[in-house]
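For reference, the structure discussed in these notes is given below.
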Amino acid sequence: MAPVVFYFHGKSPAVDGVTIDVHELQTMEQLRQLVSTKLSVALPSTVTFNKQADVEIPASVLTVLDRIDAIMIEREVAILVSGRKVRPVPGPTGGIPFIGGYSEIYPDFMGNYQRLLSKYGHIVHVSFLGKSVYLTDDPDCAGVVLSEGEFYSKQIGENHPLFPFKMTLPNGLFTSDTSNPAWPTSHKFMMTAMGAKAMRNYVRSMDHTAGHLVQRFNELLEGDQSFNAFPWALRTAAQTIGEVAVGIDFKMLDSTESSIADIFNLITRNLEAAQGLFRKGRIYRAFPNPERREQKITADQMNAFVAAQMERILREGKTEDMAYQQAAISTTSLLDYMLHATDEEEMKMDVELIHETVITFLIAGQVTTSSALAWLWFCLSTFPVQARKLYASLITAGLTRDKEITADELSKLEYLDWFIKEMQRLFNPAFQPTREAQKDVIMPGGLVVPKGSQVTVALHSVMVNSEHWKNPLTFDPDRWGTEEVRKRHKYAYIPFAAGGRSCIGYNFALQELKLLLARTVLNFQIENTTEGSVIYDPEFSLYRPLNFTMRLRKQIDPSELKMEEGPVIEEKIEAPTPVVGSKLLPKFWAVHASNNGTCEGMAGDAAAKARQFGFADVRVVSLRDSPLASATSTAEVAAASNFFVICVSTYNGEPPDSALSFSDMLDAEIKSGNDSRFAGINFCVFGAGNTQWGPTYQAFVR
285 MAPVVFYFHG KSPAVDGVTI DVHELQTMEQ LRQLVSTKLS VALPSTVTFN KQADVEIPAS
345 VLTVLDRIDA IMIEREVAIL VSGRKVRPVP GPTGGIPFIG GYSEIYPDFM GNYQRLLSKY
405 GHIVHVSFLG KSVYLTDDPD CAGVVLSEGE FYSKQIGENH PLFPFKMTLP NGLFTSDTSN
465 PAWPTSHKFM MTAMGAKAMR NYVRSMDHTA GHLVQRFNEL LEGDQSFNAF PWALRTAAQT
525 IGEVAVGIDF KMLDSTESSI ADIFNLITRN LEAAQGLFRK GRIYRAFPNP ERREQKITAD
585 QMNAFVAAQM ERILREGKTE DMAYQQAAIS TTSLLDYMLH ATDEEEMKMD VELIHETVIT
645 FLIAGQVTTS SALAWLWFCL STFPVQARKL YASLITAGLT RDKEITADEL SKLEYLDWFI
705 KEMQRLFNPA FQPTREAQKD VIMPGGLVVP KGSQVTVALH SVMVNSEHWK NPLTFDPDRW
765 GTEEVRKRHK YAYIPFAAGG RSCIGYNFAL QELKLLLART VLNFQIENTT EGSVIYDPEF
825 SLYRPLNFTM RLRKQIDPSE LKMEEGPVIE EKIEAPTPVV GSKLLPKFWA VHASNNGTCE
885 GMAGDAAAKA RQFGFADVRV VSLRDSPLAS ATSTAEVAAA SNFFVICVST YNGEPPDSAL
945 SFSDMLDAEI KSGNDSRFAG INFCVFGAGN TQWGPTYQAF VR
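This is the structure we're talking about:
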């Protein structure tokens, strides 16, 4: 029999089709697999075969070919994916040139991810600030994207959320490309060090930290103080990872007045700079900027800290080199492990890789756990029925306020595990694992993701996807004991991502969270004292509460618990959705400079968009009338919070009169020694002109 041409319905068989000898195949599954491989379809199970039809024929009326023998007699076979034609990924269009769909994502990226996916479907495409973003909330798509292989890989290019972090840690465990030779080395060593068996060695030190937290909380309880939760979560997580990672007691929980250790302040500054760089886009990053300078300064200081700790451990320690499997359960800290663990070829991690790995774990162990712990406290205050049930389960398991908690006990606390899982499902700190398409790929639904695209799995949207979760926004830890959830889609719950680049610190994080949550519940009840709604921080690299304040109450005596024998009907409460937080935005000046009003409309458009972005005080003025034209008014705006967007046009390469006058004024100021007149002014310049003017287009602006 003659070979058969397979092509996507709506495309050209001659141009886009592939030829296959069907008679060599035995089953439809084999055919789907082969066709999918040749046409880059991610999931073979989504492929259906149909009789050839004109382009205009709707997919729904095509004649399905569901047997090998029926396909063999066809010359051309049309393919549908998930019953649909292959097509581009939909998404919002329009917006201001270059800025594009920025306001479709920011500032409320959590809410906007959900809104966009609800509006456009399970994959959506947004372009802004020179980058292209693809989002998905579909477990099938998530499984494809997160599985390192033919279609996707973690390659951290300029559009990847982690790219600014990669600028500091190019070989970091979480920030290096999969193709980077450093990654398999660090992964091999650290996967063993972070395994469940190795983590049991740290239970006692983690519980010791939890005990110190209880002591400080008792002091706050005695003072009847209301306090912001996150700084305490940050201090606690930093104390734990400090002891585990570098073997130092930073004494951050020795008193309520203890300060955060310098290394963690450096980390916070570095993260804030990186997040700012990501949001402002690659073009902004290409120019000298304060965030990049801050990154360099903090990175140098972090490396100096690690170097000092390495020297201390080698000088004071007694650990000998040993196989990494043995070192994982024998060394005193992760840094001690990295300095002495050897692989099968008796090779060790090199010094530079150790530096970046230690910093990576200090960052990850601090920011993720602190965010998760703050959300756990929020859940205890918001869902008192479930909090009481958790307390009862701990008492039933034999835990007490003063008794040490062992690793064996921790592994048997079922409801504690469910409570944490439900928090992660609704408030998971990590929210956007991203992978790069290695080729053009046809995703479930027939959507084409181009080669080189960065695809983000919107974790929160995946884990509240109503197609896979019953009452998805309801906080219900008991759902984890149901058969329905046990048989859920493999990728419907992925708080630590999935695939070869999933988070290797999950054993560490869960063990620490279980101990801290158990100690909190055994000793305290938590009251939410936040004024208004709890908001999240849009400028942080993870999902964390910005303003959640709480007050502690002493936990009731175990004897007062009512241990009901029969099933209890609990009122299921929908979890509140934190809204995006906001920091005070500067006054926005849209300044125009042109002879005949060419740029006034452009300035007006910028001002209108600024109001949409949330700027409360917006002014549109000419350059002559702006505060920049007067030395006195310039000093006033430099001392306050202001942002200038200057729109200027050229006329066949010549500047407008006002811009020319401004240039002369700059020359005069410099000659008089006043070259710092505009120091502290935040501004950007947009040029307008006729592209037909060739080399003179925007000549003055440049």
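In this text, residue positions in the sequence shown follow our numbering: the first is 285, and each later residue adds one.
Virtual Cβ for every residue (Gly too), placed ideally from N, Cα, C.
An exposed status is given to Ala924, since fewer than 16 other beta-carbon atoms sit within 10 Å of its beta-carbon. Shortest Cα-Cα distance from Glu796 to any of Val487, Val288 and Leu623 involves Val487.
The alpha carbon of Tyr621 has as its nearest neighbour, out of Thr476, Ala337 and Thr833, the alpha carbon of Thr476. Put simply, of Ala298, Gln722 and Phe928 the residue whose alpha carbon is nearest the alpha carbon of Leu912 is Phe928.
Rounded to the nearest whole angstrom, the C-alpha separation of Met474 and Lys798 is 22 Å. The residue from Cys968, Gln523, Leu869 and Gly495 with its alpha-carbon nearest to that of Gln650 is Gln523.
Taking the CA atoms as reference points, Ala611 sits about 7 Å from His624. DSSP places Ile613 within a helical segment (H, G or I) once states are collapsed to three.
The C-beta distance from Val875 to Val921 rounds to 11 Å, too long to meet the 8 Å contact threshold.
DSSP, read as helix, strand or coil, puts Asn812 in strand. The residues His409, Leu731 and Val732, in chain order, have a CB closer than 8 Å to that of Pro372 in the same chain once the five nearest residues on each side in sequence are set aside. Burial is judged here by how many other beta carbons sit within 10 angstroms of a residue's own beta carbon; Gln499 has fewer than 16 and is exposed. Phe967 and Cys931 have their C-alpha atoms some 11 Å from each other. Put simply, the backbone Cα of Pro870 is about 16 Å away from that of Gly560.
Look at the beta carbons and you see the region 827-837 touching the region 510-530: at least three pairs across the two are nearer than 8 Å. Counting only runs of at least 3 residues, the region 756-812 fully encloses the following beta strand (DSSP E) elements, listed from N- to C-terminal order: 808-812. Rounded to the nearest whole angstrom, the CA to CA distance from Asp889 to Glu823 is 25 Å.
Under the rule that a run must span 3 or more residues, the beta strand (DSSP E) segments found entirely inside the region 363-418 read 407-412. Nearest in C-alpha terms to Phe449, of all of Thr552, Thr804, Ser324 and Asn502, is Thr552. Here the region 669-679 makes no contact with the region 382-393; the two share fewer than three CB pairs at distances below 8 Å. Secondary-structure assignment with DSSP links Phe967 through a beta bridge to Phe928. Checking the DSSP bridge columns, you'll see Tyr621 has no partner listed. In this structure, Ser437 places its C-beta atom within 8 Å of the C-beta atom of Arg719. Look at Gln439 here: in three-state DSSP terms it is coil, with no helix or strand label.
Three or more beta-carbon pairs separated by less than 8 Å are not found between the region 393-407 and the region 329-336, which leaves the two stretches without contact.
Residue pairing of Trp873 in beta bridges, as defined by DSSP: Arg903 and Phe928. Under DSSP, Leu349 takes part in a beta bridge, and its partners are Phe333. The DSSP-derived three-state label of Met727 is strand. Beta bridge pairing from DSSP links Val288 with Ile304. For the 8 Å CB-CB criterion, Ile638 and Met594 form a contact. Annotation: Met478 is outside any alpha helix (DSSP H) and is labelled neither H nor E by DSSP.
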